Amino acid sequence: MSTSPGPQTPVLITVTGPDKPGVSSVLFAALTRHGVDILDVEQVVIRGQLVLGALVSTDHDPEGLQESIEQAMATVAMRVIVEVGVDPQTRSGSSHVLVVLGRPVSARALGAVARRLAALDANIDAIRRVADYPVTGLELRVSVAKDTDEADAALRSAVAELSGRVGLDIAVERDLLARRAKRLIVFDVDSTLIQGEVIEMLAAKAGCEAEVREITEAAMRGELDFTESLHRRVATLAGLPADVLTEVAQALQLTPGARTTIRTLKRLGYRCGVVSGGFTAIIDTLVDDLGLDFQAANELEVVDGKLTGRVVGEVVDRAGKAAALRRFADAFHVPLAQCVAVGDGANDIDMLSTAGLGIAFNAKPALREVADTALSHPYLDVVLFVLGVTRDEVEAADIADGIDPERI
29 MSTSPGPQTP VLITVTGPDK PGVSSVLFAA LTRHGVDILD VEQVVIRGQL
79 VLGALVSTDH DPEGLQESIE QAMATVAMRV IVEVGVDPQT RSGSSHVLVV
129 LGRPVSARAL GAVARRLAAL DANIDAIRRV ADYPVTGLEL RVSVAKDTDE
179 ADAALRSAVA ELSGRVGLDI AVERDLLARR AKRLIVFDVD STLIQGEVIE
229 MLAAKAGCEA EVREITEAAM RGELDFTESL HRRVATLAGL PADVLTEVAQ
279 ALQLTPGART TIRTLKRLGY RCGVVSGGFT AIIDTLVDDL GLDFQAANEL
329 EVVDGKLTGR VVGEVVDRAG KAAALRRFAD AFHVPLAQCV AVGDGANDID
379 MLSTAGLGIA FNAKPALREV ADTALSHPYL DVVLFVLGVT RDEVEAADIA
429 DGIDPERI
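Numbered by this note's numbering, the letters in the sequence shown go through residues 29 to 436 in order.
See the structure below:
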């Protein structure tokens with residue numbers, strides 16, 4: 029005479045203690061003897077301490093299962109908590125990913141993030157470290173009660189306000205396949221891929237650096253039309269020997285982490301390039317040095333070996349940057365939703381708005397307001413953490429290729 033199985037009872041098992049070989053096999057051997065179904069499993073190790081959780085269901089004798097698990101874990105000297113009858117359907121899965129970046133990330137600041145999420149009825153499902161330098165990076169997988177556009181907007185607004193108040197950079201993205209499907213990235217050059225502004229370096233050679241810097245800052249704040257500002261600044265360079273362009277190109281200093289960032293993204297199959305309001309004579313050096321796939325910039329007119337103070341052809345301005353992004357995305361057959369743009373000034377607004385993910389890097393307020401994510405640390409490899417790449421993964425790839433990992 030056969031008996032039909034009884035109703036399914038969910039059981040949550042949490043095992044903690046020093047990490048050691050064999051813990052998982054002992055637990056699953058005990059579960060196998062009771063013929064349970066596995067609903068969910070997660071394991072993390074933090075500084076040598078193991079946390080292993082398993083949600084299972086059983087159709088008979090949950091108390092006997094609990095006793096068997098407790099005895100099994102005692103054989104490997106691990107602590108265990110068994111909860112019978114827990115609700116297995118509390119959330120349907122993470123809806124968003126938050127990348128929290130700080131130097132450092134204090135307990136007070138992270139606690140403020142947790143409280144703000146709780147006030148929005150958002151649950152932190154999992155936390156993992158993605159970086160320990162040059163900043164501390166934590167990835168939080170979060171689920172909201174109702175994943176609607178309104179809830180998404182409320183979460184982003186709350187995080188933006190909180191970020192400035194607690195001194196953390198917090199990037200927010202929906203936890204969708206598209207987050208891991210980015211294929212093309214474009215960087216602004218001045219004060220993004222490199223330190224400083226090329227036009228100011230050229231102006232220093234002409235003895236008018238202060239005047240040009242003032243015009244540049246007004247344009248970056250959005251107070252002056254970029255095209256007008258470009259023509260005014262370039263005019264101050266009239267008469268400079270063309271050899272100065274080579275001198276400035278050789279003096280460029282990459283932003284810390286830039287080389288690591290490009291190298292890692294190219295390993296991952298990204299098409300990498302630059303779209304700049306600067307000048308091709310300077311940009312070409314970067315393209316060759318970093319092995320970039322594309323570039324767009326302005327061309328300075330040279331006559332009889334000297335700069336005329338004019339730009340040749342159509343100016344790569346705010347609208348021109350967005351157009352260049354579309355052109356390169358089309359050339360490499362990459363949908364705009366799978367493109368990333370990184371910049372720092374008001375003339376990058378259209379480009380960041382056009383890309384699927386726009387990242388403001390140490391940016392002026394005008395750009396921070398429209399960007400999907402704003403970063404305030406002076407390390408370009410922080411962009412990798414926003415894209416879901418961990419520091420451990422970067423270093424492992426470098427070591428495999430025989431490269432000494434950069435600690436800058």
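All C-beta atoms, glycine included, are put in the ideal place defined by N, C-alpha and C.
Owing to the predicted nature of the structure, the values given are computational and were not obtained by experimental measurement.
Rounded to whole angstroms, the separation of the alpha carbons of Asp429 and Asp149 is 45 Å.
Residue state for Pro46 is assigned as strand, using DSSP reduced to three classes.
Between Ile213 and Leu282, the CB-CB gap reaches or exceeds 9 Å. Contact between Ala394 and Ala374 holds, since their C-beta atoms are separated by about 4 Å, short of 8 Å.
Annotated as proximal: Val340 and Leu328, with beta-carbon spacing under 9 Å.
Non-local C-beta neighbours of Gly130 in its own chain, meaning closer than 8 Å and more than five positions away in sequence, comprise Ala137, Val163, Thr164, Gly195, Leu196 and Asp197, ordered along the chain.
Here the alpha carbons of Val410 and Thr274 stand approximately 30 Å from one another.
In the three-state reduction of the DSSP assignment, Lys334 falls in the strand class, which pools E and B. With contacts defined as CB atoms closer than 9 Å, Ser219 and Asn390 qualify as a contacting pair. For Asp316, no beta strand (DSSP E) segment is defined; the enclosing uninterrupted segment is the alpha helix (DSSP H) at Thr308 to Leu318.
When C-alpha distances from Asp153 are compared across Ile222, Leu230, Val54 and Asp203, the shortest belongs to Asp203.
The continuous alpha helix (DSSP H) containing Val262 extends over residues Phe254 to Ala263. Rounded to the nearest whole angstrom, the CA to CA distance from Asp87 to Gln94 is 13 Å.
Closest option to Ala352, judged by alpha-carbon separation, among Leu335, Ala365 and Asp378: Asp378. Counting only the Cα atoms, Phe56 lies some 14 Å from Val108. A contact is defined here as three or more CB-CB pairs under 8 Å, and the stretch 227-234 fails this definition with respect to the stretch 356-364. Judged by DSSP secondary structure, Phe215 falls within the beta strand (DSSP E) whose first and last residues are Leu212 to Phe215. Segment contact: the stretch 173-188 against the stretch 237-250, fewer than three CB-CB distances shorter than 8 Å; contact not assigned.
With contacts defined by Cβ atoms closer than 9 Å, Phe254 and Asp345 form a contacting pair. Taken through DSSP and simplified to helix, strand or coil, Gly235 comes out as coil.
With fewer than 16 other beta carbons inside 10 angstroms of its own, Thr103 counts as exposed.
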